[in-house]
Amino acid sequence: MSHQPRADALVLFGATGDLAKRKLFPALYGLERSAMLTFPVIGVARSEWTDDDFRLHAEESIRAGGDRVDDRVVRSLQDRMDLVQGDYADPATWSSLCDALDRHESTTAVFYMAIPPSMFPTVVEALAAHGLNDRGRIVVEKPFGRDLASARELNATLHAAFPEERIFRIDHYLGKESVEDLLVFRFSNTLLEPIWNRRYVRSVQITMSESIGVEGRGSFYDGVGAIRDVFQNHLLQVVTLLAMEPPVGPDAHFLHDEQAKVLAATEPIDPGLLVRGQYVGYRDEPGVDPDSTVETFAAARLVIDSWRWAGVPWSCRVGKGLKQAATEAVVEFHSPPRLLFDEAGGAPPGRNQVRFRLGKRDGVTFSVQAKTPGPHLDSQAVDLSVDFAAALGARQEAYERLLGDAIAGSTRRFARQDVVELTWGIVQPALDHPGEIHPYFRGSWGPSEAERVLGNGDHWFEPSD
Ligand code: NDP
Ligand code: BG6
5 MSHQPRADAL VLFGATGDLA KRKLFPALYG LERSAMLTFP VIGVARSEWT DDDFRLHAEE
65 SIRAGGDRVD DRVVRSLQDR MDLVQGDYAD PATWSSLCDA LDRHESTTAV FYMAIPPSMF
125 PTVVEALAAH GLNDRGRIVV EKPFGRDLAS ARELNATLHA AFPEERIFRI DHYLGKESVE
185 DLLVFRFSNT LLEPIWNRRY VRSVQITMSE SIGVEGRGSF YDGVGAIRDV FQNHLLQVVT
245 LLAMEPPVGP DAHFLHDEQA KVLAATEPID PGLLVRGQYV GYRDEPGVDP DSTVETFAAA
305 RLVIDSWRWA GVPWSCRVGK GLKQAATEAV VEFHSPPRLL FDEAGGAPPG RNQVRFRLGK
365 RDGVTFSVQA KTPGPHLDSQ AVDLSVDFAA ALGARQEAYE RLLGDAIAGS TRRFARQDVV
425 ELTWGIVQPA LDHPGEIHPY FRGSWGPSEA ERVLGNGDHW FEPSD
């Protein structure tokens, strides 16, 4: 079942934390502005804050995130907000939370786990012990486990208290309009589907690059690294949407079925086709082990052994401290069988490409050949490009959409258990056999060794994002 009753309360575990500050309060403000919030928002955290401290903190977070903030919207959001203060290990915290939910006559709450993963079992067990698991659904933040074994363990913990359809696993990439557009663009246009396969596609490259470093999250990041932080989740979700077969219908389970099929056909990463890098200076970041071998960059070739994709290399790279912030998927097509238009000689024409820009300035660019002006029959590359913000107007932020979905009870933009476990299975050899770590300078495109992931003498395409 993908649609469930609308929620009547939001309980925010980790209300004083970084995720709540940077993403969740601005998202709640957006939902309040669009009249999507009609119920109490109850924060739970350990800090000795009053309700007013909590409301003020939320307001500061909202103002820090946006320039045109409507005071009336902030006030009405604050009027909904209360804080239950206490440690999750203390029974008194749970009595106060139960009292608060009873006071509001809540029967269908959203329990949002914006807390360290080590606290997940404590909170889930306490929710069950107080019967709150029967009074709502749970939203779990990434990282969802550290490897396949711990992801399975966490799923077992969650399933002991909540059925699968009431577990909402957040991968905020699934909430991005640009990422969801991959699905819509592929399957609502007849133009692409006939050529979207091994007969026409020569290679696929996906780049998820950030120019920033670990930005004060060193102690978290050093226990995680790029493969666990973004490759296993955000990047592989993008791969599924680009590679999957058309879903039978729009319902969540049809979409998740197709994602699971594509992941089941994807071979576990070959450590020989994996390159890990670390930016110079990472070991000096606060919270990072001075001898750390944790990767801030990873590139790997994926092999999707299906009828559609056999033989097509899917080369993927992620990293921090790189030259440019971009999230792009480039699908490159084979060259035409004969080079007819080359009267002036020179370099052979580039191959056709479809470039999906999934980052800040999202859109799609088709790179095609057109006649070079002049007397000769020659061709040159031209871009047919659309910028979605210019063409379609502003869109909601990912967290606002995902919170809205969790409230509405729609699971489509959340990750299903089997999909998460399949993604861990794909990266597991990279975790077990990480190989050496190659240093790279900030502002570069990562270690030069990453070229060997591509094969065919290819080079990484420079993102245009
Ligand atoms: P923080 O460490 O900033 O916040 C943790 C929160 O949990 C705080 O509100 C803290 O309360 C509360 N908490 C921790 N232990 C207890 C306890 N025993 N009893 C009561 N409250 C407790 O973490 P983040 O906000 O950065 O991350 C939260 C989750 O979101 C994690 O799973 C993280 O991996 C995930 N995430 C975070 C992202 C980010 O950008 N920050 C991005 C994507 C995912 P207090 O401070 O009052 O003690
Ligand atoms: C988060 C990672 O999940 O995604 C961060 O933990 C990363 O390390 C972020 O910076 C990237 O998200 P976005 O939306 O900025 O591409």
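Position 117, counted from 1, in the sequence shown is what our numbering calls 121; the numbers after and before it change by one each time, with no gaps.
C-beta atoms are modelled at their ideal positions from N, C-alpha and C, and glycine is treated no differently.
Fair warning: this is a prediction, and the values are worked out from it, not measured in the lab.
Host beta strand (DSSP E) of residue i (start-end)
i	result
Ile66	Run containing Ile66: none in the beta strand (DSSP E); it sits in the alpha helix (DSSP H), Asp55 to Gly69.
Gln89	Met85 to Gln89
Pro443	Ile441 to Tyr444
Arg2	Only positions 5 to 469 of the chain appear in the structure, and residue 2 is not among them; the question remains open.
Leu14	Ala13 to Phe17
Gly47	Val45 to Ala49
Ala330	Ala330 to Phe337
Neighbour flag for residue i against chain C, beta carbons, 8 Å
i	result
Thr42	Among the chains in the structure shown there is no chain C, since it carries only a single protein chain.
Selected residue, minimal CA-CA separation from residue i, among the options
i	options	result
Pro451	Glu249, Arg321 and Ala393	Arg321
Ser339	Ala348, Glu401, Pro353 and Glu347	Pro353
Ser110	Leu136, Pro120 and Ser99	Leu136
Ile142	Ser51, Ser213, Leu16 and Gly439	Leu16
Asp57	Asp86, Arg446 and Arg37	Asp86
Arg170	Arg416, Pro438, Gly447 and Ser468	Arg416
Pro467	Phe418, Val372, Val423 and Ser213	Ser213
Leu246	Lys265, Asp106 and Ala256	Lys265
Glu183	Thr331, Arg206 and Ala304	In the sequence as presented, Glu is not what sits at residue 183; that position holds Val. Closest by alpha carbon: Thr331.
Leu267	Asp309, Pro254, Val298 and Thr161	Asp309
Arg405	Pro30, Lys25 and Gly149	Pro30
Ala351	Ser383, Glu336 and Phe337	Ser383
Pro151	Arg232, Trp200 and Ile199	The question names Pro, but residue 151 is Asp in the sequence shown. Closest option to Asp151, Cα to Cα, is Arg232.
Val73	Val127, His61, Tyr33 and Arg107	Tyr33
Glu453	Ala304, Val334, Ala398 and Leu187	Ala304
Cys102	Ala130, Leu306, Asp75 and Thr126	Ala130
Glu145	Val334, Asp261 and Arg173	Arg173
Gly413	Ala434, Arg37, Glu168 and Gly323	Glu168
Ala230	Pro44, Arg26, Thr297 and Glu249	Thr297
Val77	Ala39, Pro251, Asp462 and Asn356	Ala39
Thr270	Pro251, Phe258, Pro254 and Leu306	Leu306
Gln357	Ser371, Ala314 and Tyr225	Ser371
Ala302	Arg342, Ala113, Glu262 and Pro438	Pro438
Gly4	Arg59, Pro433 and Trp449	Because the chain here runs from 5 to 469, residue 4 falls outside it and cannot be looked at.
Gly253	Ser223, Gly222, Leu187 and Arg287	Leu187
Gly47	Lys25, Ala68, Gly367 and Arg37	Lys25
His176	Phe148, Glu197 and Phe189	Phe148
Asp422	Gly291, Ser319 and Gln263	Gln263
Asp91	Arg342, Arg221 and Met123	Met123
Asp226	Phe189, Ser99, Thr300 and Gly140	Thr300
Thr244	Asp261, Arg446 and Asp255	Asp261
Range covered by the alpha helix (DSSP H) that runs through residue i
i	result
Ile430	Gln421 to Asp436
Gly34	Phe29 to Arg37
Whole-number beta carbon distance between residue j and residue i, since they are thought to touch under 8 Å
i	j	result
Gly18	Ala96	Not confirmed; about 18 Å, so no contact.
Trp53	Gln82	With a Cβ gap of about 14 Å, Trp53 and Gln82 do not count as contacting.
Arg365	Ala393	7 Å
Thr376	Asp387	15 Å between Cβ atoms; not a contact.
Arg84	Leu41	7 Å
Ile216	Val431	The Cβ separation is near 23 Å, so there is no contact.
Ala13	His108	6 Å
Pro121	Thr161	11 Å between Cβ atoms; not a contact.
Ala165	Val128	5 Å
Val424	Ala155	6 Å
Leu407	Leu35	6 Å
Leu326	Lys180	The Cβ separation is near 20 Å, so there is no contact.
Phe337	Arg312	Not confirmed; about 14 Å, so no contact.
* Jot down the residue ranges of each uninterrupted alpha helix (DSSP H) in the region 358-412, minimum 4 residues, whole runs only, in chain order. => 392-396 and 402-412
* Ordered list of beta strand (DSSP E) runs contained in the region 98-186, each at least 3 residues -> 113-117, 140-144 and 171-173
* Asked: Going along the chain, which unbroken runs of the alpha helix (DSSP H) with 4 or more residues stay wholly within the region 201-256?
  -> 222-225 and 240-247
* Can you check the region 283-319 for any beta strand (DSSP E) of at least 3 residues that lies completely inside it and give the ranges in chain order? => Runs found: 301-307.
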